[in-house]
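Just below is one structure, and these are the notes that go with it.
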Amino acid sequence: MTPEFIVLVITGIVGLTTPILLAGLGELVVEKSGVLNLGVEGMMLMGALAGFGVTVMTFNPWLGLISAACAGAVLALLFGVMVLSLNSNQVATGLALTIFGIGVSSLIGSKMFQGRITPVFGSVFPNSLAKDPILQVFFGYSPIVYFALIMVPLVAWFLKSTRAGLILRAVGENDHSAHSIGYSVIGVRYAAIAFGGAMAGIGGAYFTMVITPMWSNELTAGRGWLALSLVVFAGWRTWRLLAGAFFFGILMSLELYAKGAGFSFVPSQFWAAMPFLMTVVALTFISSRGNVGASAPACLGKPFLP
Amino acid sequence: MTAAPSSAIPPHSDHLRLSLSGITKRFPGVLANDQVSFSVRPGEIHALLGENGAGKSTLVKMIYGIQQPDAGEIRWNGAPLVIANPKAARKLGIGMVFQHFSLFEAMTVLENIALGMDASIPARDLEAKILAVMAQYGLKLEPHRIVSTLSVGERQRIEIVRALLLNPNLLIMDEPTSVLTPQEVDQLFVVLRQLASEGCSILYISHKLHEIKALCDTATILRGGKLVATCNPAVETSRSMAEMMIGGSLKDIQRGAGRQMGAAKFVVQDLCLPKDGPFGTALKNISFSVRAGEIFGIAGVAGNGQNPLLLALSGEAVTSAPAITLDGVHIGATSAKTRRLSGLASVPEERNGHAAVPEFTLSENTLLTARDRLGMVSNGMINAQAAKTYAGEVISAFAVKATGPAAFAESLSGGNLQKFIMGREILQKPAVLVVSQPTWGVDAGAASAIHQALVDLAATGSAIVVISQDLDELLSLCDTLAVINEGRLSAPMPVAGANIEEIGLLMGGVHGDATPSALPQESAHAH
Amino acid sequence: MRIKLERRPTPSRMMLIVTPIASVLATMLIGMLVFDLMGIDGARAVKDIFLSPLLLSYKWQDVALKAAPLIIIALGLAVGNRAQVWNIGAEGQYVVGALAAAGVGIAAGTAGGFFIVLAMVLTGVVFGALYALIPAILKTRWNVNEILSSLMLTYISLQILSYLVGGPWKDPNGRNFPATAPLTDSQSLPLLFTGSTVHLGVVIALIMPFVFWLMMSRSVFGYQVRVVGSAPQAARHGGFDAKQTIWIAMLIGGGMAGLAGALEFTGASHAINLGFPSGYGFTAIIVAFLGRLNPIGCLIAGIVLAVTYVGGQVAQTTVHIPNATAGIFQAMMLFFILGSEILVRYRPRIVTTAKPAVAGE
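Heads up: the sequence lines are chains E, B and S, in that order.
With my numbering applied, the first sequence has no gaps in its numbers, which climb one by one up to 312 at the end.
With my numbering applied, the second sequence has no gaps in its numbers, which climb one by one up to 521 at the end.
With my numbering applied, the third sequence has no gaps in its numbers, which climb one by one up to 366 at the end.
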């Protein structure tokens, strides 16, 4: 195994990890505020579409990235209006959001962007670093990857050490108390939901702007659901979310390397199913340890009526 | 404790800190406050007295900006204004300590207090301020403890410290003593008197007459949302204030003379139950026995194991077979359904969602506990007509105000739903009835009807267990009384010769000197 | 002036019926506007999607065939949702049910007849239920979130399908196309009329709602499910076992999805290929909500959603909009129905308030 091969494996894992890390970080903040948004998959797809579409039209990946965040946030705010202002069931509304996102992204994507190709949103570092066979393990990534990695300590710091983070946790822990003290439960949750949507949107854009610079319907292939599982897996802790994302990234990369590593007797479908199977196993392991209930925000998924 | 409250700033009539005039608040179907007017001076401890449902909580919610009056005017230091939200109230210097604490269980004391502050203060500065305030008023709290590990008294202290950090000009206390031991009440009064002497006005909501006589300068009495009187509790008698509060004398409970108690019918022996979750209370070797025709009372401050005890007795939590005996049969290991078939009925404290399903009709709610005993089910199918008939019987026998068996449980007032639930169990003629807080949040008329029904049921030879936090209720209703504290039950004592002070001590724990220095150890049990 | 929500003393029965109908109408209206904005003839598209399947009699059997699995799956899901059990993996249970039926068919070889078909269908039910039992066990035993586990199992089931039809169960005479061998007529579900494609499964889909209605509104089990869902503590007080309820609700949900899969396979597709999972399991979730979790409601909502499926195909050829459009309409309907649910319990009221000076602002 050459160092170059190891670098290749690592960059592959980072690529698989980034979208679920971004979406997972967003969903973590949403769930910490007491809301369960199951529409991550739909928001990722809308981000993927907006990022791709705007980049195709403007040739500016940065604008594409901002559009992806906005598209995710807009879809998330639709969810927010439903569950916060109209008090609809969060589980069902999240599902509707996913179905809606799949439908809208497929409709617009296949109607307007089928067959179009954008340049890959590559590294911002000079090629001497970004294309170096070894050094690319540090410098060879899209800005989205560095953004995701920077967001981990930022989210951790926000939740733990800022007043806004404290209020957000309080709202997720006991909405009625937070309300009676005078915090706007609905306002905090709207903000959290919008943030979660933006992060999911950027995570989705990674598929169309970095992984495959072209459009295909439902290209997130269930990663939104993995991001949701990731939050439970991490026990609602930011740093564990990072570790979990890499764990899932490694699992997903198995499909790529299993054949080459002499596992050809195992059907490829086994490796494709692996991340999902391991998610079930991991969720079982984490949930059975019993401390999940204690670390989950107490108001998660419960409707709030003042 | 009865010493007259002293005030450094003498209350003077030309300056009013807070005055309300014509405050009216309407909710769908209820007039919560009707033209209420009164005022509070600086340094005055002003009682807001009334029964459950008299409109006290709604009134203070409007003062604290949680709700807005439909009509009327609030003046602060003489100027009319709208208190848009609690933040605005705090800006004026209004602090509030809620009856149900607005605390965040999974967070620390410090985080909880920080959340109550409107300005962002660095954690270290805040901690220093907290320690200073606690030293000033003799309050003890460890800032880095997680709230879920604290006792009820300690939790209230968080709320008080949180309010004091704002340097309030008006402190609202909503039923602050309902969860405290008598010793903790004394400590609280010391703090409140000190505050008043520094010029802070205190609005003290309670229905406990002796507390108001001991603490307050003025009392405003509410009944049915209307202001009945404003008086000086020092010159009123408890009886006169009670009459104003209740409005007319209540019917005494009628007991048949010379009631005969039968043999022991319901025996609990060494009942143990591990605690349910990290915040629960474990039951430790609970033993008592109830004779046929006897009403057995279990007193205690909230959260000392009353809920687990009810669950263990009703069968919702299963224990060992010999722990519970009904007519000589061990039923401790049987399910709720089996126990009900063998004649044990129960009514839990929480009406909505425990004793009844709010979004079901009354008819459907009878099925919840009466389906098997009254043959409303055959071959797995429900006999809806039987349920409807029975619901109708309960409604008429207990004078439940409802549109009929098809009325949704949530459409009934608390008192009427409670009468319905009690009726649903009593008309099944249970051999044993276990009830928790039978008259909690129920108006006086419904309460006396429920008490009468319990006495009548006992007269037919049933054994009755009443778990209640209302000591007066137990003393007037029960034949025998025991006190539950931290999951342990005291030795039973006949109500006839009961010593109130002793009961008070038992309620605060047998080693009950809850001096501040003893508190950290006491709360350490909660782990 | 603002809109204030006032809690109704009792839920409005009228709103319970009016809101789903209004949701369908609102979806049509919004759809029309959006299509016009996109440069597509909106009125034509909406007419094609929502009305043409009803107006063109030769589309009726298509509607019936699409409605059958939706209704059957939705009935099972509605039971779970009533008990607050969120099985969103019906698609996977549907696939596993169909695969199990196919397995029986392959094992039977050339044999056919009533008992073979019955065995295929029943095996489909059992395997669908067993596949749903996994999240049920994980939830009751280890407190694993059933939303995530049932969904993960759907993705796994798709890989199982891909493996089986591309490997061991591949039709040897199928030119290496990943699909099972088609069923013979004697192995297929009987058709109702010769010359039509409407099979016995459609009849089952028409009868089942009434069976479920009886079960949910008249049986102790239905009562138990409703109590567990509305007030878990009250259920315990009434002597009902919440875990047992979760189990049975999941088994019913999985069994019905498995039934739908087996009926689809034996009645309509006759072979399983990679395109067999067509999203019925997800659309059925919308059907269940649009039908307000009421079995008769599910019957009606199933037909409505089937109409949008068939109509989507019509619109694909007439106004050239992609198939995904039907999904958008379905999601919009779900949004409207969920968003309007608040009207059942609350009454909107316009309030005007004149405010004096506000303190502290």
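Just so it is clear, CB atoms sit at the ideal spot from N, CA and C, and this is done for glycine as well.
Given that residue i touches chain S, what residues does it touch there, using C-beta distances under 7 angstroms?
| i | result |
| --- | --- |
| Ala525 (chain B) | The first residue shown for chain B is -5 and the last is 521, placing residue 525 (chain B) beyond what the model contains. |
Could you confirm whether any beta carbon from chain B is found closer than 9 angstroms to the beta carbon of residue i?
| i | result |
| --- | --- |
| Arg297 (chain S) | no |
| Ala186 (chain S) | no |
| Ser319 (chain E) | Nothing can be reported for residue 319 (chain E), as the shown portion of chain E is limited to 7 through 312. |
| Tyr189 (chain E) | yes |
Do we get a CB-CB distance below 9 angstroms when we pair residue i with the residues of chain E?
| i | result |
| --- | --- |
| Lys202 (chain B) | no |
| Phe21 (chain B) | no |
| Glu96 (chain S) | no |
| Met19 (chain S) | no |
| Met125 (chain S) | no |
| Ser51 (chain B) | no |
| Gly59 (chain B) | yes |
| Met101 (chain B) | yes |
| Asp264 (chain B) | no |
At least one CB of chain S closer than 9 angstroms to the CB of residue i: is that the case?
| i | result |
| --- | --- |
| Met52 (chain E) | no |
| Val429 (chain B) | no |
| Thr99 (chain E) | yes |
| Arg365 (chain B) | yes |
Go through its chain and collect everything with a Cβ distance to residue i's Cβ below 6 angstroms, but skip five positions before and after it.
| i | result |
| --- | --- |
| Pro486 (chain B) | Phe282, Thr474, Ala476 |
| His40 (chain B) | Val34, Leu197, Thr212 |
| Trp218 (chain S) | Pro300, Ile301 |
| Cys225 (chain B) | Ala213 |
Chain S partners of residue i, CB-CB under 8 angstroms?
| i | result |
| --- | --- |
| Ala102 (chain E) | Ile291, Ala336, Leu339, Phe340, Leu343 |
| Val371 (chain B) | Val225 |
| Arg334 (chain B) | Gly244 |
For residue i, return the contacting residues in chain E, with the cut-off set at a CB-CB distance below 9 angstroms.
| i | result |
| --- | --- |
| Glu105 (chain B) | Leu172, Arg175, Ala176 |
Residue i by DSSP, collapsed to three states: which one?
| i | result |
| --- | --- |
| Gln335 (chain S) | helix |
| Thr128 (chain S) | helix |
| Trp70 (chain B) | strand |
| His185 (chain E) | helix |
| Ile478 (chain B) | strand |
| Leu60 (chain S) | helix |
| Val23 (chain S) | helix |
| Ala204 (chain E) | helix |
| Lys81 (chain B) | helix |
Name the chain E residues whose beta carbon is nearer than 7 angstroms to that of residue i?
| i | result |
| --- | --- |
| Val149 (chain S) | Leu289, Thr290, Ser293 |
| Trp252 (chain S) | Within chain E, no residue comes near Trp252 (chain S); the closest Cβ sits about 17 angstroms away, beyond 7 angstroms. |
| Thr322 (chain S) | The premise fails here: Thr322 (chain S) is roughly 15 angstroms from chain E at the closest Cβ pair, so nothing lies under 7 angstroms. |
| Lys413 (chain B) | Going along chain E, no residue has its Cβ under 7 angstroms from Lys413 (chain B), so there is no contact; the nearest lies around 27 angstroms. |
| Glu346 (chain S) | Ser94 |
Is it the case that the CB of residue i approaches a heavy atom of the ligand HEM more closely than 8 angstroms?
| i | result |
| --- | --- |
| Ala122 (chain B) | Of ligands this structure carries none, so the ligand HEM is not represented either. |
Report all residues from its chain with a CB closer than 7 angstroms to the CB of residue i; omit the five preceding and five following residues, and keep chain order.
| i | result |
| --- | --- |
| Asp41 (chain S) | Gly47 |
| Asp28 (chain B) | Thr18, Gly219, Lys220 |
| Leu311 (chain E) | Asn93 |
| Thr168 (chain E) | none |
For residue i, go through chain B and note every residue whose CB falls closer than 7 angstroms to its CB, in chain order.
| i | result |
| --- | --- |
| Arg243 (chain E) | Near Arg243 (chain E) there are no residues of chain B at all, since even the closest Cβ is about 13 angstroms away, more than 7 angstroms. |
| Tyr228 (chain S) | Leu361, Ile376 |
In chain order, what residues of the same chain lie with their CB nearer than 8 angstroms to the CB of residue i, ignoring the 5 residues before and after it?
| i | result |
| --- | --- |
| Leu10 (chain B) | Ser33, Val34, Arg35, Arg69, Asn71, Gly72 |
Mind pulling the chain E residues with CB within less than 8 angstroms of residue i?
| i | result |
| --- | --- |
| Lys269 (chain B) | Result: empty, since nearest Cβ-Cβ is about 14 angstroms, beyond 8 angstroms. |
| Trp218 (chain S) | Neighbours of Trp218 (chain S) on chain E: none; closest Cβ ~21 angstroms, over 8 angstroms. |
Using a cut-off of 8 angstroms between C-beta atoms, extract the partners of residue i located in chain B.
| i | result |
| --- | --- |
| Glu179 (chain E) | Phe98, Glu99, Ala100, Met101 |
Note to self: Report the start-end ranges of each alpha helix (DSSP H) in the region 337 to 386 of chain B that is 4 residues or longer and not cut off at the edges.
What the structure shows: Within the region 337 to 386 of chain B, the complete alpha helix (DSSP H) runs of at least 4 residues are 356 to 364.
Next item on the list: Pick out the complete alpha helix (DSSP H) segments inside the region 83 to 154 of chain B, 4 residues or longer, and give them in chain order.
Entry: 103 to 110, 117 to 131
Next item on the list: Note down, one range per segment and in chain order, each beta strand (DSSP E) of at least 3 residues found wholly within the region 388 to 456 of chain B.
Entry: Listed in chain order, the complete beta strand (DSSP E) runs (minimum 3 residues) inside the region 388 to 456 of chain B are 426 to 430.
Check: Where are the alpha helix (DSSP H) runs, 4 residues long or more, that stay fully inside the region 208 to 268 of chain S, in chain order?
Finding: 225 to 235, 237 to 242, 247 to 268
Check: Fully enclosed by the region 63 to 122 of chain E, which beta strand (DSSP E) runs are 3 residues long or longer?
Finding: none
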